[in-house]
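Some notes on the structure that comes next.
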Amino acid sequence: MADITLEGVGHSYDGGRTHALNPMTWTWSDGRAYALLGPSGCGKTTLLNIISGLITPSQGRVLLGGRDVTGLPPVARNIAQVFQFPVLYEEMSVYDNLAFPLRNRKYPKAEVDERVRKVARLLGLEEHLRRRSRRLDPGRQQIVSLGRGLVRSEVAAVLLDEPLTVIGPALKWTLRSKLKEIHRDTGHTLIYVTHDQTEALTFADEVVVLKDGAIVQSGEPAELFLSPAHEFVGHFIGSPGMNVLDAAVERGIVRVGSALVGRAVGDDGALPDGPVRLGVRPEFVRISPFPRSPGLRAGVTGVDRMGSYHLVHARAAGGDLVAKTDPGEHGTAEHLHFERAYLFRDQIRCGTLAALEGS
Ligand code: ATP
1 MADITLEGVG HSYDGGRTHA LNPMTWTWSD GRAYALLGPS GCGKTTLLNI ISGLITPSQG
61 RVLLGGRDVT GLPPVARNIA QVFQFPVLYE EMSVYDNLAF PLRNRKYPKA EVDERVRKVA
121 RLLGLEEHLR RRSRRLDPGR QQIVSLGRGL VRSEVAAVLL DEPLTVIGPA LKWTLRSKLK
181 EIHRDTGHTL IYVTHDQTEA LTFADEVVVL KDGAIVQSGE PAELFLSPAH EFVGHFIGSP
241 GMNVLDAAVE RGIVRVGSAL VGRAVGDDGA LPDGPVRLGV RPEFVRISPF PRSPGLRAGV
301 TGVDRMGSYH LVHARAAGGD LVAKTDPGEH GTAEHLHFER AYLFRDQIRC GTLAALEGS
């Protein structure tokens with residue numbers, strides 16, 4: 001097993017003046033494909049570089065398969081890393097670039113050839129193998145870089161830092177599914193850094209969400225979508241993200257303004273009375289011309305016609321919100337009810353909304 005474990009790992013730059021990562025303890029399990037997702041500046045690259053050894057953390061230990069590698073340079077860690085932009089020997093052919101990491105580690109000649117051709121086939125590079133790398137366009141050069149990161153069989157992990165940034169959107173879809181295929185074949189631990197939720201959700205077995213230098217939630221893509229543990233996860237994952245309304249719990253009932261919207265079910269027992277934030281994804285807002293109890297009256301302020309669905313913008317007590325509906329499911333003054341909603345206090349989820357008895 002080559003689990004990667006971070007024990008109390010934290011980091012700041014400039015002698016402590018620029019904070020990057022809070023101390024964290026975390027294990028990346030052997031063979032799993034992770035996406036490390038978060039907005040710009042949240043510490044993704046710092047975390048990746050600590051794992052690969054490009055940065056020594058200000059505090060804590062990095063363990064690889066139980067062995068302390070904190071003080072070891074990248075070359076001694078047996079971890080491959082792919083960056084945002086191509087890192088290639090421009091004068092070498094594509095074949096030699098792909099073969100380089102293997103020859104460097106004394107792979108037998110036949111295995112070098114076999115592995116290079118396999119990666120080239122999977123990444124659509126076969127017809128370019130004899131070309132000099134500098135003659136390729138930047139997108140293709142980046143695919144070669146990706147191939148160099150994926151070509152070795154014996155690495156403990158492959159770290160990918162926004163590797164598809166320079167690739168056009170159509171090819172991105174293809175490459176993501178190729179990456180999945182390569183991952184299934186090699187069984188490497190993959191950690192894929194991105195700030196793009198689509199990339200994270202389509203690629204990963206497990207998505208780790210980072211915010212302001214701390215991991216706020218991790219889980220399978222569906223879990224993050226259906227059960228956000230933090231308001232930030234609700235906003236950041238989903239398109240558009242989760243709506244949030246000001247609400248209150250009174251004797252177990254959730255009110256938005258004067259409207260009853262459901263029963264409060266605390267994640268850890270009964271929820272004390274007081275203000276809460278009600279989070280509801282656009283997909284779980286039902287909109288109808290007829291009053292319904294429990295529900296909320298709202299005025300429609302605009303409709304975006306997206307082709308296969310509509311985004312209906314509405315104003316209600318507690319705030320503005322968006323509903324994702326089938327085309328035609330809206331008017332001007334509407335009634336909303338929520339199929340699935342969450343309650344948050346201090347941004348952390350504390351409960352869910354349930355139907356009222358008898359409704
Ligand atoms: P992005 O998606 O923009 O690459 P990120 O999530 O990868 O961002 P990091 O690059 O790890 O975030 O940066 C985390 C914090 O550390 C930011 O505040 C950044 O400005 C700071 N930082 C990163 N590298 C350095 C450095 N070499 N010197 C000083 N501060 C740095």
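full-length UniProt numbering puts the sequence shown at residues 1 to 359.
All C-beta atoms in this analysis are idealised placements derived from N, C-alpha and C, irrespective of residue type, glycine included.
When the Cβ atoms of the region 159-166 are set against those of the region 108-126, are three or more pairs found closer than 8 Å?
no
Per DSSP, Ala33 is paired with what?
Leu190
Hey, would you say Arg134 sits closer than 7 Å to Pro101, going by beta carbons?
no
For Gly10 versus Asn22, is the C-beta spacing smaller than 7 Å?
yes
So the alpha helix (DSSP H) Phe225 belongs to, where does it begin and stop?
Pro221 to Leu226
CB of Pro73 within 7 Å of CB of Gly43, strictly
no
At which residues does the beta strand (DSSP E) containing His11 begin and terminate?
Ile4 to Tyr13
Spatial distance of Ala341 from Ala157 (CA atoms):
38 Å
Thinking Asn78 and Val166 are a contact (beta carbons under 8 Å), I'd like their distance in whole angstroms, please.
Not really, about 27 Å apart at Cβ, beyond 8 Å.
Give a single yes or no on whether His11 has its beta carbon closer than 6 Å to a heavy atom of the ligand ATP.
no
In chain order, what residues of the same chain have a beta carbon less than 6 Å from the beta carbon of Gln217, not counting five sequence neighbours either side?
Val209, Ala229, His230 and Val233
Three-state secondary structure (DSSP) at Phe344?
strand
Can you tell me which residues fall inside 6 Å of the ligand ATP, judged by beta-carbon distance to its nearest heavy atom, and keep chain order?
Tyr13, Asp14, Thr18, Ala20, Gly38, Ser40, Gly41, Cys42, Gly43, Lys44, Thr45, Thr46 and His195
Contacting residues, own chain, Cβ-Cβ under 7 Å from Ser12 (five flanking each side not counted)
Thr18, His19, Ala20 and Ser58
State whether the region 120-132 contacts the region 56-71, with contact taken as three or more CB pairs (one from each stretch) at a distance under 8 Å.
no
Endpoints, alpha helix (DSSP H) assigned at Asn97
Val94 to Asn104
Looking at the secondary structure, which residues open and close the alpha helix (DSSP H) in which Pro138 lies?
Pro138 to Leu150
Count the other CB atoms, across all protein chains shown, that sit within 10 Å of the CB of Lys324; report buried if there are 16 or more and exposed otherwise.
buried
Starting from the C-beta of Val69, find all residues in its chain whose C-beta is less than 8 Å away, skip the five residues before and the five after it, and write them out in chain order.
Gly53, Val62, Leu63, Ala76 and Arg77
Just curious, the beta strand (DSSP E) that residue 360 is in, first and last residue?
The structure shown does not extend to residue 360, since the chain spans only 1 to 359, so no value can be given for it.
Can you check DSSP and say which residues form a bridge with Val116?
Bridge partners of Val116: none, in fact.
Taking the alpha-carbon positions, what's the Arg349 to Leu129 distance?
52 Å
Span separating the alpha-carbon of Pro240 from that of Ala110
50 Å
Identify, in the order they occur along the chain, each residue of the same chain with its Cβ nearer than 7 Å to the Cβ of Gln141, setting aside the five sequence neighbours on each side.
Pro86, Leu88 and Ser133
My assumption, with CB atoms under 8 Å, is that Asp320 sits in contact with His313. Please give the rounded CB distance.
7 Å
Do we get a CB-CB distance below 7 Å when we pair Asp246 with the residues of chain C?
Looking at the structure shown, chain C is missing, and only one protein chain is on hand.
Backbone CA spacing between Phe284 and Glu250 [nearest angstrom]:
23 Å
Would you kindly check if the distance between the Cβ of Leu224 and the Cβ of Arg237 is under 7 Å?
Looking at the sequence provided, one finds Ile at residue 237 rather than Arg. Yes; because the gap between Cβ atoms is below 7 Å, this pair is in contact.
heavy atom of the ligand ADP below 6 Å from Pro39 C-beta
Ligands displayed in this structure: the ligand ATP; the ligand ADP is not among them.
Cα-Cα separation, Asp326 to Ala259:
25 Å
Helix, strand or coil at Ile167 [DSSP, three-state]:
coil
Looking only at its own chain, which residues have a Cβ that is under 7 Å from the Cβ of Leu179, when we skip the five neighbours before and after it?
Phe203
Can you look up Val233 in the DSSP assignment and give me helix, strand or coil?
helix
With distances taken between CB atoms, is the gap from Glu206 to Tyr34 smaller than 7 Å?
yes
What are the partner residues of Val82, as DSSP defines its beta bridges?
Leu160
Do you know how far the Cα of Leu146 is from the Cα of residue 362?
There is no way to answer for residue 362, as the model of the chain reaches only from 1 to 359.
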